[in-house]
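Student: To start, I am sharing the structure in question, which I have written as structure tokens.
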Amino acid sequence: MMTPEPAADPVVTDVADEPENVPENVFETQDLSVYYNDFQAVRDVSFTVRRNEIMALIGPSGCGKSTVLRCYNRMNDLIANAKVTGKITYHGVDLYNDAVDPVEVRRRIGMVFQKPNPFPKSIFDNVAYGPKVAGQRKGLEETVERSLQQAALWDEVKDRLSDSAMSLSGGQQQRLCIARAIAVNPDVLLMDEPCSALDPIATARIEDLMQEIKHHYTILIVTHNMQQAARVSDTTAFFTADTRTEGDTRTGILVEVGATNLMFSNPTDERTENYVTGRFG
158 MMTPEPAADP VVTDVADEPE NVPENVFETQ DLSVYYNDFQ AVRDVSFTVR RNEIMALIGP
218 SGCGKSTVLR CYNRMNDLIA NAKVTGKITY HGVDLYNDAV DPVEVRRRIG MVFQKPNPFP
278 KSIFDNVAYG PKVAGQRKGL EETVERSLQQ AALWDEVKDR LSDSAMSLSG GQQQRLCIAR
338 AIAVNPDVLL MDEPCSALDP IATARIEDLM QEIKHHYTIL IVTHNMQQAA RVSDTTAFFT
398 ADTRTEGDTR TGILVEVGAT NLMFSNPTDE RTENYVTGRF G
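The sequence shown lines up with residues 158 to 438 when you count with the working numbering.
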């Protein structure tokens, strides 16, 4: 197989902060590539994620957004034929160093999936599950209440904590999954299309929730909904796919990353402009 020509370097649009006000970097990503066996699914991704900000990953289907997202809590480790190259540092620590425990990574970097996936347990036991696994035995009631409060669900479920989580609506189940993720006090929340299975009202609740909790967490969200990215994120990264006719393969590439208001009003790269204006996607 021929080696593809390297993609043009992604454009990095300056985020308008005075130097003394620039937040701490949580992730620094350099030349990230992901392979499944010999197939290169994503190549040459480099960007920085800053504390207490929401970064949206946008782009057409098949451009590797979710693949990149799963690199940040080492979920790709669970795929037998997956290989990650390049470097991701988390607060300056190489996330893929052999001395780093992937289980601890996933405690510090929680994940909310596309479809709500509550456990077939009570509402209380769903939220208490992570702390129990981590060895917490005291104060579980306080932990559950705090997590449900932060997930804007406490007032709706406080009188039925022993009910099955499966009795909740779809939007409530997704907020329960967020509460479950934050019950172990993570530093980062990864969200993979968290609203794609929800109605507009439930989606608005999740978006409002993200704005409320970003003061406590750093959030990376994958979304196909450009309006959602524009509403909730501080920074946006646009990906596209390099398609090869030989073998009909698609490799995701990062095109541009920068402040969301600039990415949607004045993107630097023509491919970004074409995508955010709906000319392709």
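Backbone N, C-alpha and C fix where the C-beta goes; we use that ideal spot for every residue, glycine too.
Within 10 Å of its beta-carbon, does S304 have 16 or more other beta-carbons around it, so buried, or fewer, so exposed?
Tutor: Walking along the sequence shown from the start, residue 304 turns up at place 147. When all chains shown are included, S304 counts as buried.
Student: Our contact map puts L214 next to V379 with C-beta atoms below 8 Å; I'd like the distance itself, whole angstroms only.
Tutor: Position 57 of the sequence shown, counting from 1, holds the residue named residue 214. Position 222 of the sequence shown, counting from 1, holds the residue named residue 379. 5 Å between Cβ atoms; contact.
Student: Three-state secondary structure (DSSP) at I236?
Tutor: The residue given as residue 236 occupies position 79 in the sequence shown. In this structure, I236 counts as coil in the three-state DSSP scheme.
Student: Just the Cα atoms here: how many angstroms apart are W311 and C220?
Tutor: Along the sequence shown, read from residue 1 onward, the residue named residue 311 stands at position 154. Along the sequence shown, read from residue 1 onward, the residue named residue 220 stands at position 63. Those two C-alpha atoms are separated by around 37 Å.
Student: What does the Cβ neighbour count give for D356, buried or exposed, with the cut at 16 atoms within 10 Å?
Tutor: By one-based count along the sequence shown, residue 356 stands at place 199. So D356 counts as exposed.
Student: Given that a residue counts as buried once 16 or more other Cβ atoms are within 10 Å of its Cβ, and exposed if not, what is S324?
Tutor: For this step, residue 324 is matched to residue 167 along the sequence shown. So S324 counts as exposed.
Student: Going along the chain, which residues of its own chain have a beta-carbon closer than 6 Å to the beta-carbon of S279, five neighbours each way excluded?
Tutor: Along the sequence shown, read from residue 1 onward, the residue named residue 279 stands at position 122. Within the same chain, and ignoring the five residues on either side of S279 in sequence, the residues whose Cβ sits closer than 6 Å to its Cβ are S319.
Student: With a threshold of 6 Å on Cβ separation, who are the neighbours of V284 within its own chain once the five nearest residues in sequence on each side are excluded?
Tutor: Taking the first residue of the sequence shown as 1, we reach residue 284 at position 127. Excluding residues within five positions, the ones whose Cβ falls inside 6 Å are V301, S304, A336, R337 and A340.
Student: Specify whether the segment 341-351 and the segment 255-265 touch according to this definition: at least 3 beta carbon pairs, one from each stretch, less than 8 Å apart.
Tutor: yes
Student: With Q368 as the anchor, note down where its alpha helix (DSSP H) starts and where it stops.
Tutor: Position 211 of the sequence shown, counting from 1, holds the residue named residue 368. First-last of the alpha helix (DSSP H) with Q368: P357 to I370.
Student: Taking just the CA atoms, how far does R362 sit from E313?
Tutor: By 1-based counting over the sequence shown, the position of residue 313 is 156. By 1-based counting over the sequence shown, the position of residue 362 is 205. Using only the alpha carbons, I get a separation of about 13 Å.
Student: If you measure between the beta carbons of I211 and S326, is that distance less than 9 Å?
Tutor: One-based indexing of the sequence shown puts residue 211 at position 54. One-based indexing of the sequence shown puts residue 326 at position 169. Not in contact: I211 and S326 (Cβ atoms no closer than 9 Å).
Student: Cutting at 7 Å between CB atoms, please list the residues of its own chain near F270, excluding the five before and the five after it.
Tutor: Numbered from 1 along the sequence shown, position 113 holds the residue referred to as residue 270. These residues qualify, in order along the chain: D349.
Student: Please say whether I376 and M367 have beta carbons closer to each other than 9 Å?
Tutor: Working through the sequence shown from its first residue, we reach residue 367 at position 210. Working through the sequence shown from its first residue, we reach residue 376 at position 219. With respect to the 9 Å criterion, M367 and I376 are classified as neighbours on the basis of their beta carbons.
Student: Might you give, ordered along the chain, the residues of its own chain that have their beta carbon closer than 6 Å to the beta carbon of A239, omitting 5 neighbours on each side?
Tutor: By one-based count along the sequence shown, residue 239 stands at place 82. For A239, where only same-chain residues beyond five positions count, the Cβ hits under 6 Å are Y193 and N233.
Student: Suppose the cutoff is 6 Å on Cβ atoms and the five residues either side in sequence are ignored; what does the same chain contact list for A398 look like?
Tutor: Looking up residue 398 in the sequence shown gives position 241. G219, C220, R407 and G409.
Student: To the nearest whole angstrom, what separates the beta carbons of Y247 and F184, a pair I think is in contact under 8 Å?
Tutor: Counting from 1 along the sequence shown, the entry for residue 247 is found at position 90. Counting from 1 along the sequence shown, the entry for residue 184 is found at position 27. Right, the Cβ-Cβ distance comes to about 6 Å (below 8 Å), so this counts as a contact.
Student: Taking the runs of the alpha helix (DSSP H) that are 4 residues or longer, which of them lie wholly in the segment 247-324?
Tutor: Taking only runs of at least 4 residues, the alpha helix (DSSP H) segments lying wholly in the segment 247-324 are 259-265, 280-290, 297-307 and 311-314.
Student: Quick check on this structure: which residue in S321, F196, A291 and S190 has the alpha carbon closest to the alpha carbon of C228?
Tutor: The residue labelled residue 228 in the question sits at position 71 within the sequence shown. Nearest C-alpha to C228: S190.
Student: Looking only at its own chain, which residues have a Cβ that is under 7 Å from the Cβ of R428, when we skip the five neighbours before and after it?
Tutor: Translated into positions along the sequence shown, residue 428 becomes position 271. T397 and V412, listed in sequence order.
Student: Look up R436 in the DSSP assignment and say whether it is helix, strand or coil.
Tutor: Your numbering for residue 436 matches position 279 in the sequence shown. Coil, per DSSP.
Student: Please report how far the alpha carbon of V206 lies from the alpha carbon of G249, in whole angstroms.
Tutor: As a position in the sequence shown, residue 206 is number 49, starting the count at 1. As a position in the sequence shown, residue 249 is number 92, starting the count at 1. Cα to Cα, V206 sits roughly 12 Å from G249.
Student: How many Å lie between V202 and R231 at the Cα?
Tutor: Walking along the sequence shown from the start, residue 202 turns up at place 45. Walking along the sequence shown from the start, residue 231 turns up at place 74. Rounded to whole angstroms, V202 to R231 spans 16 Å at the Cα level.
Student: Would you report the Cα separation of G435 and G216, rounded to the nearest angstrom?
Tutor: Here residue 435 is taken as the residue at index 278 of the sequence shown, counted from 1. Here residue 216 is taken as the residue at index 59 of the sequence shown, counted from 1. Going from the Cα of G435 to the Cα of G216 covers about 11 Å.
Student: Please report the straight-line C-alpha distance between T425 and Q385, rounded to a whole angstrom.
Tutor: Along the sequence shown, one-based indexing puts residue 425 at 268. Along the sequence shown, one-based indexing puts residue 385 at 228. Cα to Cα, T425 sits roughly 21 Å from Q385.
Student: Between N388 and E364, which are expected to be in contact by the criterion C-beta below 8 Å, what is the C-beta distance as a whole number of angstroms?
Tutor: On the sequence shown, position 231 is the one that residue 388 refers to. On the sequence shown, position 207 is the one that residue 364 refers to. According to the sequence shown, residue 388 is Arg rather than Asn. So it is a contact: roughly 6 Å between Cβ atoms.
Student: How would you call L333, buried or exposed, if buried means at least 16 neighbouring beta carbons within 10 angstroms?
Tutor: As a first step, residue 333 must be located in the sequence shown, where it is residue number 176. The residue in question, L333, is buried, as its Cβ has 16 or more Cβ neighbours within 10 Å.
Student: Are the beta-carbon atoms belonging to Q331 and A354 less than 9 Å from one another?
Tutor: For the purposes of this step, residue 331 is taken as the residue at position 174 of the sequence shown. For the purposes of this step, residue 354 is taken as the residue at position 197 of the sequence shown. Yes, these two residues count as a Cβ contact at 9 Å.
Student: Counting along the chain, where does the beta strand (DSSP E) carrying T425 start and finish?
Tutor: Counting from one through the sequence shown, the residue named residue 425 turns up at place 268. Where T425 is concerned, there is no enclosing beta strand (DSSP E), given that its DSSP letter is neither H nor E.
Student: Taking buried to mean at least 16 other C-beta atoms within 10 Å of its own C-beta, is I358 buried or exposed?
Tutor: Here residue 358 corresponds to residue number 201 of the sequence shown, with the count starting at 1. I358 is exposed by the Cβ-count criterion.
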